[in-house]
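Enquirer: Here the sequence shown stands for residues 165 to 802, numbered as in the working numbering. Even for Gly, the Cβ is constructed at its ideal location relative to N, Cα and C. Got a structure here, written out as structure tokens. Questions coming.
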Amino acid sequence: QNVVFITTTIIYEEEKMKITDLLKIDCISLNEKPKDKMAIIDTMVNIMDKSNNLSDKDKYKEDVIKREESSTTGIGEEIAIPHAKSKGVINPSLAAMTVPEGTDFDSLDGEKSKLFFMIAVPENSNDEHIKLLQRLSTMLMDENFKKELLNAKSKENFLNIIEDKEKEKFPDDFKKEEDQDKYYDILAVTGCPTGIAHTFMAKESLEQNAKKLGYSIKVETHGSTGIENKFTKDEIDNAKSVIIASDVAVEKDRFDGKKLIDTRVSDGINKAKELIEKSLSDETKPYIATKKEDSEKTESKGSNIYKHLMNGVSHMLPFVVGGGILIALSFLLDDYSIDPSNFGNNTPVASMFNQIGGAAFGFMLPILAGFIAMSIADRPALTVGIVGGYLANSGGAGFLGALVAGFISGYIIVLLRKITKNIPKSIDGVKPMLIFPVFGILLIGIIMTKILNPPLAALNTAIFDWLNNMGSVSKIFLGLLLGGMMAVDMGGPINKAAYVFGTASLAGGSSQIMAAVMAGGMVPPLAIAISMIIFKNKYTDKERQSIPTNIIMGLSFITEGAIPFASADPIRVIPSAVVGSAISGLLSMLFGCSLRAPHGGIWVIGVIENPLGYLMAIVAGAIVSAIMLGLLKKSIKD
Numbered sequence: 165q166n167v168v169f170i171t172t173t174i175i176y177e178e179e180k181m182k183i184t185d186l187l188k189i190d191c192i193s194l195n196e197k198p199k200d201k202m203a204i205i206d207t208m209v210n211i212m213d214k215s216n217n218l219s220d221k222d223k224y225k226e227d228v229i230k231r232e233e234s235s236t237t238g239i240g241e242e243i244a245i246p247h248a249k250s251k252g253v254i255n256p257s258l259a260a261m262t263v264p265e266g267t268d269f270d271s272l273d274g275e276k277s278k279l280f281f282m283i284a285v286p287e288n289s290n291d292e293h294i295k296l297l298q299r300l301s302t303m304l305m306d307e308n309f310k311k312e313l314l315n316a317k318s319k320e321n322f323l324n325i326i327e328d329k330e331k332e333k334f335p336d337d338f339k340k341e342e343d344q345d346k347y348y349d350i351l352a353v354t355g356c357p358t359g360i361a362h363t364f365m366a367k368e369s370l371e372q373n374a375k376k377l378g379y380s381i382k383v384e385t386h387g388s389t390g391i392e393n394k395f396t397k398d399e400i401d402n403a404k405s406v407i408i409a410s411d412v413a414v415e416k417d418r419f420d421g422k423k424l425i426d427t428r429v430s431d432g433i434n435k436a437k438e439l440i441e442k443s444l445s446d447e448t449k450p451y452i453a454t455k456k457e458d459s460e461k462t463e464s465k466g467s468n469i470y471k472h473l474m475n476g477v478s479h480m481l482p483f484v485v486g487g488g489i490l491i492a493l494s495f496l497l498d499d500y501s502i503d504p505s506n507f508g509n510n511t512p513v514a515s516m517f518n519q520i521g522g523a524a525f526g527f528m529l530p531i532l533a534g535f536i537a538m539s540i541a542d543r544p545a546l547t548v549g550i551v552g553g554y555l556a557n558s559g560g561a562g563f564l565g566a567l568v569a570g571f572i573s574g575y576i577i578v579l580l581r582k583i584t585k586n587i588p589k590s591i592d593g594v595k596p597m598l599i600f601p602v603f604g605i606l607l608i609g610i611i612m613t614k615i616l617n618p619p620l621a622a623l624n625t626a627i628f629d630w631l632n633n634m635g636s637v638s639k640i641f642l643g644l645l646l647g648g649m650m651a652v653d654m655g656g657p658i659n660k661a662a663y664v665f666g667t668a669s670l671a672g673g674s675s676q677i678m679a680a681v682m683a684g685g686m687v688p689p690l691a692i693a694i695s696m697i698i699f700k701n702k703y704t705d706k707e708r709q710s711i712p713t714n715i716i717m718g719l720s721f722i723t724e725g726a727i728p729f730a731s732a733d734p735i736r737v738i739p740s741a742v743v744g745s746a747i748s749g750l751l752s753m754l755f756g757c758s759l760r761a762p763h764g765g766i767w768v769i770g771v772i773e774n775p776l777g778y779l780m781a782i783v784a785g786a787i788v789s790a791i792m793l794g795l796l797k798k799s800i801k802d
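So this is what it looks like as structure tokens:
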């Protein structure tokens, strides 16, 4: 059996990157025999150097080794992903090597690592490496493809195997220019508040089910890096139906006259087949583009409120995460608790981080309110909502006040639209530039400062006084509750409610709650991976191929990694995950762990107070959940 090692760098062009564009014959080596981990790195760097895409081979190697010293990238199941950002990388390239016997790479599961992806990222790289990882991961989930790679007989054979699989998985990238105007039976839009996991899981599920049913489909994703695969007018005109599986607002008027289904992103993952069939049925009526406030009448109030809220949360998160992590790093660099008045005086870098992070964090509530308002009444409401959120923040009403301000601001613009409905068409341009901002800002200002801020500020203060002064038993119970909530629907409304509560508490100065929330969210994917390692006879070989993916997702605080297993076996998976996550949240509170960074998983361990206790909490919850799941599941033969 051959063993595969793949080295890659990143491209920066907007067009789709293809592995076959990066991998050349000269950068493939078969049947090598590196004796240890360092020999692997040496050999792979030398192979990469043949591409003439390393400006400084020694610098690149040094950065790879430095990354390995921080934590192993041997993630298990014969896979490792050594990587580094380096000044020594200048151009994209891909190299591959096979080793028949495998080599010890300090893998997390203790087994020899046989399949390596070594990523060489230029120092000024963007998010293209994430897309390449997604592509490689998607291809390697195919067990037959992996076996073919491991048994490649020649460099040409190895390259052909990759090309064939890439054409199968990503056919659009290999189409000739004259074929680019192909039309699709179905158009689908997917999006979730974080724009990471649910968005792309729904995309994959819709594509797979459409293929099985014999329909062509194009999926537009509203992810963390923006909108990808945006539909053209011709594609919309020629599509038979449209599916919107999104928890964030999507502009729908472009689909006027098309059969349209609007639902949650979780349905795109779990009910893709039903959505496709329903979208094409005669029972689904064409969507009629109307004013936003009128079209909302066709949706349930609860669905509307949730979607508006998630639109605000999705736009708020980058400010929370970016600002929160910078603030946390500033605390790590300068222990302000010694003398708060002297913070940063001895460490200018800490002071700078704190100032920049604080500025970003300060936008959190205005952005939340602004995009809730925009979801309700489009662009004219954005300014009004931002002002309302700012007034809620400055007036002490905090997170709760910003939520209220966002919804009120949106409906203020709805009201102003109705009042000005009969204004002559010739002066329609006056409304968005003058009437809406002036009267909208005035009204939200009066409502917030004179009516809502005083009681909401008192309520906000009471809540956080209670959080800061609650006893040990209450803290443990809260950790138990929030940790368990993170695993109930794994990225759905209950999970998001717990996370939003954690970020709101963080904004109010309570960092222990955020630690419990993140601990609970990390457990489900880790528990499933551990369960598959311990109880091998309870899982298929195909399921066990996802062990490395679940480990990475769990360590990165991406709870959604457990969704495929929860969907396939909810009766056993969800209770097990909830119990383990609740235990982790409980122990995090019990050990007094606190976290000023609202995201990052294990990668922000340096800014966690009592990191050892935090790791123990996560490991304990994951093991309990894994054992419970293993005991509940039946053996495959049964």
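In chain order, which alpha helix (DSSP H) runs of at least 4 residues are fully inside the stretch 230–295?
Expert: Correct list: empty.
Enquirer: Return the first residue and the last residue of the beta strand (DSSP E) that Val383 is part of.
Expert: Here the beta strand (DSSP E) through Val383 covers Ile381 to Gly387.
Enquirer: Straight-line CA distance for Ser720 to Ala683?
Expert: Roughly 11 Å separates the two Cα atoms.
Enquirer: I'd like the list of long-range same chain contacts for Thr547, defined as Cβ closer than 6 Å, with 5 residues on each side in sequence excluded.
Expert: Pro601, listed in sequence order.
Enquirer: Please report the distance separating the alpha-carbon of His362 from that of Val429.
Expert: Distance between the alpha carbons of His362 and Val429 is about 7 Å.
Enquirer: With DSSP collapsed to three states, give me the class of Ile452.
Expert: In this structure, Ile452 counts as coil in the three-state DSSP scheme.
Enquirer: What does a CB cutoff of less than 8 Å around Glu594 pick up in its chain, not counting 5 residues either side in sequence?
Expert: Residue identity differs from the one stated: residue 594 is Val in this sequence, not Glu. These residues qualify, in order along the chain: Ile587.
Enquirer: Could you please give me the residues that DSSP links to Gly390 through a beta bridge?
Expert: According to DSSP, Gly390 bridges with Gly387.
Enquirer: Quick one: is Met202 buried, meaning 16 or more other Cβ sit within 10 Å of its Cβ, or exposed?
Expert: Answer is exposed; the Cβ neighbour count stays below 16.
Enquirer: So, is the C-beta of Tyr348 closer than 8 Å to a C-beta in chain D?
Expert: In the structure shown, chain D cannot be found, because there is only a single protein chain.
Enquirer: Pull up the DSSP beta-bridge partners for Glu773, would you.
Expert: In the DSSP output, where bridge partners are listed per residue, Glu773 has Ser758.
Enquirer: Under the DSSP definition of a beta bridge, which residues are partnered with Gly355?
Expert: According to DSSP, Gly355 bridges with His386 and Ser410.
Enquirer: Let me know the secondary structure DSSP gives Asp345 once reduced to three states.
Expert: Residue placement at Asp345 is flagged as unreliable, the pLDDT there being 47, under the threshold of 50; the coordinate-derived value follows with that caveat. Reduced to three states, the DSSP call for Asp345 is coil.
Enquirer: Count the other C-beta atoms from every protein chain shown that fall within 10 angstroms of the C-beta of Asp398, then say buried if there are 16 or more, exposed otherwise.
Expert: Per the 10 Å Cβ criterion, exposed.
Enquirer: Using the rule of at least 16 other Cβ atoms within 10 Å of the residue's Cβ for burial, across every protein chain shown, is Lys394 buried or exposed?
Expert: Label assigned to Lys394: exposed.
Enquirer: Inspect the CB distances between the stretch 720–736 and the stretch 673–691 and report whether three or more fall short of 8 Å.
Expert: Yes, they touch.
Enquirer: What does the Cβ neighbour count give for Asp629, buried or exposed, with the cut at 16 atoms within 10 Å?
Expert: Asp629 is exposed by the Cβ-count criterion.
Enquirer: Mind listing, in chain order, the continuous alpha helix (DSSP H) runs of no fewer than 4 residues lying wholly within the stretch 724–757?
Expert: Here the runs fully enclosed are 727–732 and 734–754.
Enquirer: Based on Cα-Cα distance, which residue from Ser636, Met678 and Val743 lies nearest to Val771?
Expert: Measuring from the Cα of Val771, the nearest candidate turns out to be Met678.
Enquirer: If distances are taken between C-alpha atoms only, which option among Pro618, Ile715, Val253 and Gly749 comes closest to Ala662?
Expert: Considering only alpha carbons, the answer is Gly749.
Enquirer: The alpha helix (DSSP H) that contains Ser515, what's its start and end?
Expert: First-last of the alpha helix (DSSP H) with Ser515: Pro512 to Gly526.
Enquirer: Can you tell me whether DSSP reads Ile587 as helix, strand or coil?
Expert: In this structure, Ile587 counts as coil in the three-state DSSP scheme.
Enquirer: Could you name the residues that DSSP lists as bridge partners for Ile192?
Expert: In the DSSP output, where bridge partners are listed per residue, Ile192 has Ala260.
Enquirer: Consult DSSP for Lys329 and reduce its assignment to one of helix, strand or coil.
Expert: Helix.
Enquirer: Taking Ile433 as part of the alpha helix (DSSP H), name the residues at either end of that continuous run.
Expert: Val429 to Asn434 is the extent of the alpha helix (DSSP H) around Ile433.
Enquirer: Here's the rule: buried if 16 or more other CB atoms are within 10 angstroms of the residue's CB, otherwise exposed. What is Glu232?
Expert: Per the 10 Å Cβ criterion, buried.
Enquirer: Are Ala732 and Ile738 touching if we call contact CB-CB under 8 Å?
Expert: No, Cβ-Cβ distance for Ala732 and Ile738 is not below 8 Å.
Enquirer: From the DSSP output, in three-state form, read off Asp446 for me.
Expert: Three-state result, Asp446: coil.
Enquirer: Just the C-alpha distance for Phe603 and Leu580, rounded to the nearest angstrom, thanks.
Expert: Rounded to the nearest angstrom, the two C-alpha atoms are 8 Å apart.
Enquirer: I'd like to know if the stretch 209–216 and the stretch 746–766 are in contact, where contact means that at least 3 CB-CB pairs between them fall below 8 Å.
Expert: No, the stretch 209–216 does not touch the stretch 746–766.
Enquirer: Compute the Euclidean distance between the alpha carbons of Leu424 and Lys435, then round it to the nearest angstrom.
Expert: Taking the straight line from one Cα to the other gives about 16 Å.
Enquirer: Would you decide whether Gly794 is buried or exposed? Buried here means 16 or more other CB atoms lie within 10 Å of its CB.
Expert: By the neighbour-count rule (16 or more Cβ atoms within 10 Å), Gly794 is buried.
Enquirer: Taking Leu555 as part of the alpha helix (DSSP H), name the residues at either end of that continuous run.
Expert: Segment Pro544 to Ser558, the alpha helix (DSSP H) holding Leu555.
Enquirer: Report yes if the C-beta distance between Lys251 and Ser289 is below 8 Å; otherwise report no.
Expert: Not a contact, by the Cβ cut-off of 8 Å.
Enquirer: Per DSSP, what kind of secondary structure is Lys422 in: helix, strand or coil?
Expert: Here Lys422 sits in coil by DSSP.
Enquirer: Do Ile715 and Ala693 have their CB atoms nearer than 8 Å?
Expert: Contact flag set, yes.
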